[in-house]
Every structure is written in structure tokens, then in C-alpha cells.
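Working notes, beginning with the structure itself.
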Amino acid sequence: MKKIPYGVSDFEKIRRNNYYYVDKTNFIEKIEDSSDYLFFIRPRRFGKSLFLSLMENYYDINKKEDFEQLFKGTYIYDNPTEEKNKYLILKFNFSEVNPHIKEVENSFNNTIRLEALRFIQKYKDFISDTDSDMHKTIKDIKEASEILKHIIKFTKDKGKIYLLIDEYDNFTNTIISSVGNEQYTAITHGQGFYRHFFNVIKAGTTGGPIAKLFITGVSPVTMDDVTSGFNIGDNITSDPAVNQMVGFTETEVIELLKHYEINERVIEIMKPWYNNYLFSQDEQTKIFNSDMALYFVKEYLKTNKLPKEMLNHNIKIDYKKLKYLIITDIKGRIRVNGNFEKLKMIIEQGEIIAKIVSAFPVDRIIDTENFISLLYYFGLLTIKGEHYERVKLIIPNEAIKQLHYDYIREGYRDTNIFTLNFFKLGDLYDRMAYNGNWEDLFLYLSEEMTKQTALRDYIKGEKEIQTFLRVYMGVTNYYITKSEAELNKGFCDIMVIPNIAQFPDIKYSYLMEIKYIKPSDYDEKKLEEKISSAKKQLEKYKEDETLKKMIGNTKLERIILVFAGVELKYKSTF
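Letter by letter, the sequence shown follows residues 512 to 1085 in the working numbering.
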């Protein structure tokens, strides 16, 4: 049985050390059918670095003798292209650059210098002997752009370079999110060192030795800034031919489960959590996040049980860089901005219609259309289908839905709008799941909603109440919550489905009807009308056959909650 390649992005290590490999080598042909200079965006932890490592090993002129050992059994082994092992590989990984604003330029220069030294040592037979001591020269050059110029100059007539840049925007995204646009602009505009470095790359592709270029990242923002004024290459991010180039298809996940002798039926548990990504309007094949799928297998094999935590903690860390887009600091006063409302709206409605913007500069990053596009590029939204000249975007899966909940909670907390005691909340969920004591949970929530007055500005109606409850019910793994779930030809406000796969001994499940009355309109008559309406709806929902399957042997409780503003006026089971 092969090792699980969770967290391993080195193709050679995978192939030489008996790791499981999902064959993506057929996409080499598709890359070659594109242009010579390519730019490719995908969310973090989706397999971009491994694909670049695959390209590095396939095209390296010094690895001709290793081709059989590295590629036997793959598609490309039986279908090699003419460009196999034809290039000098110059590869940079900019996740290695220290993003601290006082260290970033020096760190960037050192990163380029170290890779340049490796390059000239590896390809010394292809370096012009005009310079008698290349190592000493490279060590003495301070600026990264000058180092690259030196490499270009002395390989110009001796070989063709394939330049690979991984995570090109890793350190720049950190700078934007941590210290702001001004410092970011200083390095990516005008005479900024990163802007100048890309100018040198451009020069190297025009009559120089850089014959091929492949750049990966998570957003188009930095590329738009550093390449403004010239076209660095083709953005193939949304091309249907590469929709499945990274990540796993359902077929690939099934084969993965077979290899590790895991019952294939668990894919039905994995799909709602890790699947459903689509990166092209002209494709239909949905993609699993490969990192999440491998995490699941790794955790499952420890105990032959489903992971207690379906969401990998590393994914949470990756997405924290988004926070600066929804929180604004104005003269020391921290508040949420309009994009925070967009996040809430996406949770409330389940989808949004927008145009995916292919490029925009940093000074337009919080514009609504650009913000929605960033959610797509970061993997927090995905394509569901076309909508005239725009697209319908949805939250791809339960794992990402949890991240959306996290952002709403963090936005409330960081701006002093609302916060809760999560230790107490966990205890209340224990009692709700195993003792059927749901009342204490909603009493606690309603008391805090009333007490923390800043929340009132964000609760305007029934939808806002629903979103608020789902956000704070999203902290428990006992349940999966769905809003406006279709049941028996009606739509339930909140369906609280037990996570039986992970917690087979759970005792209770819930349907909730939420009603809202404006505080100025509240009276006993309106309250009775709302209660009567909720009872009729809940009576209808309980007969749904799909619901009966989802709740298993748990006891179904039907809850009516009526709010007037943030105050809970009525709570009862029915």
C-alpha cells in the first residue's frame, strides 16, 4: 500500500518513495497546446505546486535518464511530447520570501540568488564561459533583477529556459492584508523591485533564452499590477481544457479510496464537504479539493472511522488573509464594510450573480465586483452556471460554508458587534444533540442578542435572524444546517440534520421555522398569526421522505421561534 502524499508537493519524491500519485500528466499536452507564456490561478492547497514539480521533472534537460523511473505507468510515459527533457529549468517559489515589509526586498533578492546559484551549478555545461567566475559574480550582485539579467545574458546562446514561478503572489498578498496598499504599491509599481523583476522577465522572453513561462498564484491582483503595460502571457485559469488539471475528480477519489481499501460509499460523505468546485463555465466536471480529500483518507486510516473534524485546520489558516477585505479601520475605529454585508447576503441567499473579473489592480480590490471575484479565486465561491453575460456563483461545499460562518463571527467579534462564550456554547450543543434540550441554547442566544445592542443594526428581518442562527450553529460538528431546504413541496427555514456518519449515537434532529415581527408592529394578534403559520408549515415538512432518511433513528423536534427585532418572543416545539 502506497504512502499518502498529504502535504507532499515534490513529484520526484512521490515517484521515488512509493507515494500514491493521481496521474495528471495528460495535461502536459494541453499546456503545450496553449501559448508559451501562461498564468494559472487556483485556490491554495489544490495541487498547483505538485503540478509545477511535475513540469519541472518532465522538461528538465538533465533528467533524460530519469524519465522511465519517474514516469513509467503514467499517461505521458506512453505519449511523450517532442518537448520532453528539452529545457533548462529555472524555478522560483515565492512562498519562501519573508513578507515582513522591512525584510521583503532582501529576502526576495536572497531567494532569487539561491535559485540562480543552483541553476548555474546544475547547468554549468550550458552557461557561457565568458564570465570566469559565475558563482562569485552572482553572490556579489545585490538586486534580484540584476541576477536574472545575468542568467539571461550567459545562457542566451547555450540553451532555452523554462521559467516556473510558484505562488507568485504569496508574499504580496500578505503585505496587502497586514500592512496595506501603500507598502504593497511601493514594490509593485514604478521602480518597485518586484515590478522591475517582471520587466526583466519580459525582456528575457523577447529574443532572450526564456522560451517558456508558467506562473501560479491565488489571485490576479499582483499580476495586474506588476505587468501593467505589457502582456506577460495567457491566463488559462478558466479554460475548460484545464478545469481538472489540479484537484481530484470523483473518479480519481473513488480510485484513491479503493487503493486504501476504504468503503467507496464514504464518498457520499466526502462529496458535500469537499466537492463541487467548477472553474470553467464551459465544463461540467466538478472537482474535489485534493488536499481535503487526502486529509480525509489520512485521518480515516488512523482509526478506520470518519474524522471528527471534517474541515482541515490548515484550510482555515489559509483563508484568514481575507479578513482585511471586510473590516475597515478609519482613524482607529474598526468597523465592517459593505463586503461584510455581501458575505451575509451570500449565506442568506445561497448564491450570487456576478461577473468574474479576470484582472484588477490593488486600489480597486474592495470594489464589490472585484471582491466577489476574489471569493471565487480563493475557492470561497464556485461556478454553478451561466446567467446571461454573468455567472451564478455558490458556496461550493460544507467545508467552505464553515469558513463563511467563521468570517461572519470574526467580523462581529473584531468590530465589537457580537461575541459569545464558545465553551458554554459547546456545552449547550451537547445537551441539544443528546438530551433534546434545545431551549437553553436559544435562551442563551436571545439573551446575548438583546444584551449586545450593536447587533440590532444588522438584524432587519427574518432572513437576518436565519443567517445569525446558522452562523452560530455552524460552530458544532454535531449538525449540518441548511436554510430554505425543500421539504414536501415547501421550504423549511432551517433544517438541522444530525451528522450521523461522525456521531452515530446522536439522539435528536430539528426543523426550525423562524418568524419575525417588527418591534413597532408587535402585538398578540400578530404573534398568534405567526405561530399558526409556522405550525402549518412544520406539519407539512415532517412527511417528507428524504427527511426521514436524513435523520435516521434520531427523534425529530419541530421548533417555532418568533422574534421581534432581536428579542425572542416565543419558543416552542410542535
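Quick reminder that beta carbons are idealized off the backbone N, C-alpha and C, glycines included.
Worksheet item: From E579 to D589, what does the alpha carbon distance come to, in whole angstroms?
Response: When rounded, the distance between both Cα atoms is 10 Å.
Item to complete: Select from E959, E973, M984, E1056 the residue whose C-alpha is nearest the C-alpha of K1000.
Response: K1000 has its Cα closest to that of E1056, out of E959, E973, M984, E1056.
Worksheet entry | Closest Cα partner of S564 within the set G670, N528, L675, A804 | Scanning G670, N528, L675, A804 for the CA closest to the CA of S564 turns up L675.
Worksheet item: Since M1006 sits in a beta bridge, which residues does DSSP pair it with?
Response: Looking at the DSSP assignment, M1006 forms a beta bridge with K993, L1022.
Item to complete: Check whether the Cβ atoms of E1078 and T961 lie closer than 7 Å to each other.
Response: Pairing E1078 with T961 gives a Cβ-Cβ distance under 7 Å.
Discussion item. Please tell me whether L1067 and K1082 are closer than 7 Å, where the distance is taken between their beta carbons.
Written reply: Their beta carbons are not under 7 Å apart, which means L1067 does not touch K1082 by this criterion.
Worksheet item: How long is the line joining the alpha carbons of V1090 and K866, rounded to whole angstroms?
Response: The shown model of the chain, from 512 to 1085, leaves out residue 1090, and the question about it has no answer.
Worksheet item: Looking only at DSSP bridge pairs, what is S1083 linked to?
Response: Note: S1083 sits in a beta bridge opposite I1071.
Worksheet entry | Pair within 7 Å by beta-carbon distance, L891 and I919 | In this structure, I919 does not lie closer than 7 Å to L891 by Cβ.
Worksheet item: Does DSSP classify G896 as helix, strand or coil?
Response: G896 falls in the strand class under three-state DSSP.
Worksheet item: Of the residues I658, E820, Q792, Q795, which one's Cα is nearest the Cα of A804?
Response: Nearest option by C-alpha distance: E820.
Worksheet item: When we look at the beta-carbon of K535 and count the other beta-carbons within 10 Å, is it buried (16 or more) or exposed?
Response: Result: buried.
Worksheet entry | Contacts around T987, its chain only, beta-carbon distance under 6 Å, and the 5 residues preceding and following it disregarded | Cβ within range, chain order: Y940.
Worksheet item: Would the region 773-784 and the region 550-569 be scored as touching if the rule is three or more Cβ pairs under 8 Å?
Response: Output reads no: the region 550-569 does not touch the region 773-784.
Discussion item. Tell me the rounded alpha-carbon separation between N568 and I638.
Written reply: Each residue's Cα considered, the two are about 20 Å apart.
Discussion item. Would E693 pass as an interface residue toward chain B - the criterion being a Cβ-Cβ separation below 7 Å?
Written reply: Absence of chain B from the displayed structure is noted, only one protein chain being present.
Worksheet item: With a cut-off of 8 Å, do at least 3 Cβ pairs link the region 882-900 to the region 786-800?
Response: Cβ pair count under 8 Å is three or more, so yes.
Worksheet item: Once you ignore the five residues that flank Y570 on each side, which residues in its own chain have a CB closer than 8 Å to its CB?
Response: These residues qualify, in order along the chain: E594, K595, N596, K597, Y598, I600, Y673, K723.
Fill in: Continuous beta strand (DSSP E) stretch holding R846: start and end
DSSP places R846 inside the beta strand (DSSP E), whose first and last residues are 844-847.
Item to complete: Please check the pair T978 and I858, which I expect to be a contact at CB under 8 Å, by giving their CB distance rounded to whole angstroms.
Response: So it is a contact: roughly 5 Å between Cβ atoms.
Worksheet item: Using 8 Å as the Cβ pair cut-off and three pairs as the minimum, do the region 804-818 and the region 940-949 touch?
Response: The region 804-818 vs the region 940-949: no contact.
Fill in: Residue environment, N604, which counts as buried when at least 16 other CB atoms sit within 10 Å
N604 comes out buried.
Discussion item. Going by DSSP, what residue range makes up the beta strand (DSSP E) through E862?
Written reply: Residues 862-865.
Practice prompt. Please name the residue in N681, L549, N684, A627 whose C-alpha comes closest to that of K664.
Written response: Among N681, L549, N684, A627, the Cα nearest to that of K664 is on A627.
Worksheet item: Are the beta-carbon atoms belonging to E950 and I905 less than 7 Å from one another?
Response: Cβ atoms of E950 and I905: not closer than 7 Å.
Worksheet item: How is R901 classed by DSSP in three states: helix, strand or coil?
Response: Under the three-state reduction of DSSP output, R901 falls in the strand class.
Practice prompt. Assign P554 to buried or exposed, taking buried as 16 or more other Cβ atoms, counted over all protein chains shown, within 10 Å of its Cβ.
Written response: So P554 ends up on the buried side.
Worksheet item: Can you list, in chain order, the residues of its chain whose CB lies under 7 Å from that of K1041, leaving out five sequence neighbours each side?
Response: K1026, I1028, V1073.
Discussion item. Going by DSSP in three states, K597 sits in which element: helix, strand or coil?
Written reply: Coil, per DSSP.
Worksheet entry | Identity of the residue in K769, L767, D750, K827 nearest T796 by Cα | Its Cα nearest to that of T796, the residue D750 stands out among K769, L767, D750, K827.
Fill in: Cβ neighbour criterion (16 or more within 10 Å) applied to D802
By the 10 Å Cβ count, D802 comes out buried.
Worksheet item: Going by the CB atoms, is the gap between D680 and T727 shorter than 7 Å?
Response: Between T727 and D680, the gap from beta carbon to beta carbon reaches 7 Å or more.
Practice prompt. Have a look at Y634, S606, K635 and flag the residue whose alpha-carbon is nearest the alpha-carbon of N621.
Written response: The shortest Cα separation from N621 among Y634, S606, K635 belongs to S606.
Worksheet item: Going by the CB atoms, is the gap between S545 and I747 shorter than 7 Å?
Response: In contact: I747 and S545 (Cβ atoms closer than 7 Å).
Worksheet item: DSSP puts T727 in a beta bridge; with which residues?
Response: Bridge partners of T727 according to DSSP: F551.
Discussion item. Can you tell me whether T839 is helix, strand or coil according to DSSP?
Written reply: DSSP places T839 within a strand segment (E or B) once states are collapsed to three.
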